[in-house]
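A.B. asks:
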Amino acid sequence: MTTTFSLFNSANTSSSAGYAELIKPSFAPPAYLFGPVWSVLYLVIAVSFGYVLVQVIKGRLPKALLLPFGLNVLFNLAFTPIQFILKNNALAALDILAVLTTLVWLLVVIWHRVRWVALVNLPYLAWVSFATLLQLSITWLNR
35 MTTTFSLFNS
45 ANTSSSAGYA
55 ELIKPSFAPP
65 AYLFGPVWSV
75 LYLVIAVSFG
85 YVLVQVIKGR
95 LPKALLLPFG
105 LNVLFNLAFT
115 PIQFILKNNA
125 LAALDILAVL
135 TTLVWLLVVI
145 WHRVRWVALV
155 NLPYLAWVSF
165 ATLLQLSITW
175 LNR
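With the numbering used here as the guide, the letters of the sequence shown map in order to residues 35 to 177.
#1: Taking the alpha carbon of Leu67 as the reference point, which residue from Leu111, Phe83, Gly84 and Ser49 has its own alpha carbon closest?
#2: Tell me the residue span of the alpha helix (DSSP H) that contains Ser60.
#3: Please report the straight-line C-alpha distance between Pro115 and Phe164, rounded to a whole angstrom.
#4: I think Leu100 touches Leu87, with their Cβ atoms under 8 angstroms apart; what is that distance to the nearest whole Å?
#5: Let's test the definition: count the other Cβ atoms within 10 Å of the Cβ of Asn208 and tell me whether it reaches 16, buried, or not, exposed.
#6: Just to confirm the assignment, what range does the alpha helix (DSSP H) spanning Ala152 have?
#7: Between the alpha carbons of Ala45 and Gly69, how many angstroms are there, rounded?
#8: Could you spell out the range, first to last residue, of the alpha helix (DSSP H) harbouring Asn123?
#9: Return yes when the Cβ of Asn110 is within less than 7 angstroms of the Cβ of Val81, no when it is not.
#10: Please look up how many angstroms separate the CB atoms of Ala152 and Leu141, rounded, as I've assumed it's under 8 angstroms.
#11: Give me the Cα-Cα distance between Lys121 and Val107, rounded to the nearest whole angstrom.
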């Protein structure tokens, strides 16, 4: 799973050019930071989702826990093509809001069952919160 995320991330190097073309707020980070940050976060996502999946298969966790994880991964993977291939800022803003919403949902449902999974995802929550603010700002500035 980590390899898939890394390959997907690496395959989208055109997103750096697309990011450079956007009008961005003053707090926007340089494009070169996104790759390393997302590489670490994709590892966290893969370990977390993988652990939960194994526990569900073993019958130790309910299958329903897979829904917020799966939706979060789906929305996360959809963001780059929406933003940089379709060049649709508004849809990308809706998508990042879905990433944030499903992330909060998964943290809430996993917190009392496997606390370490929730805790290791807190940096992901911080980054997605920032990314949401950034995307909403970009959408506003590029309307």
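Where is the CB? At the ideal position from N, CA and C, for every residue including glycine.
C.D. replies: On the basis of the supplied data:
#1: Your numbering for residue 67 matches position 33 in the sequence shown. The shortest C-alpha separation from Leu67 is found at Ser49.
#2: For this step, residue 60 is matched to residue 26 along the sequence shown. No alpha helix (DSSP H) holds Ser60; DSSP gives it neither H nor E.
#3: Here the question's residue 115 lines up with position 81 in the sequence shown. Here the question's residue 164 lines up with position 130 in the sequence shown. Distance between the alpha carbons of Pro115 and Phe164 is about 19 angstroms.
#4: One-based indexing of the sequence shown puts residue 100 at position 66. One-based indexing of the sequence shown puts residue 87 at position 53. About 7 angstroms separates the two Cβ atoms, so the contact holds.
#5: Limits of the chain in this structure are 35 at one end and 177 at the other, which puts residue 208 out of reach.
#6: One-based indexing of the sequence shown puts residue 152 at position 118. From DSSP, the alpha helix (DSSP H) with Ala152 extends over Arg149 to Val154.
#7: Locating residue 45 in the sequence shown gives position 11, where the first residue counts as 1. Locating residue 69 in the sequence shown gives position 35, where the first residue counts as 1. Its pLDDT being 46, under 50, Ala45 is placed unreliably by the model, and the measurement read from it follows with that caveat. In a straight line, the C-alpha of Ala45 is about 11 angstroms away from that of Gly69.
#8: Locating residue 123 in the sequence shown gives position 89, counting from the first residue. Asn123 -> alpha helix (DSSP H) spans Asn123 to Trp145.
#9: The count along the sequence shown starts at 1 and reaches residue 81 at position 47. The count along the sequence shown starts at 1 and reaches residue 110 at position 76. Contact: no.
#10: Residue numbering aside, residue 152 sits at position 118 when the sequence shown is read from its first letter. Residue numbering aside, residue 141 sits at position 107 when the sequence shown is read from its first letter. With 8 angstroms as the limit, Ala152 and Leu141 qualify as a contact, their Cβ atoms being about 5 angstroms apart.
#11: On the sequence shown, residue 121 is found 87 positions in, with the first residue counted as 1. On the sequence shown, residue 107 is found 73 positions in, with the first residue counted as 1. If you take the alpha carbons of Lys121 and Val107, they lie about 20 angstroms apart.
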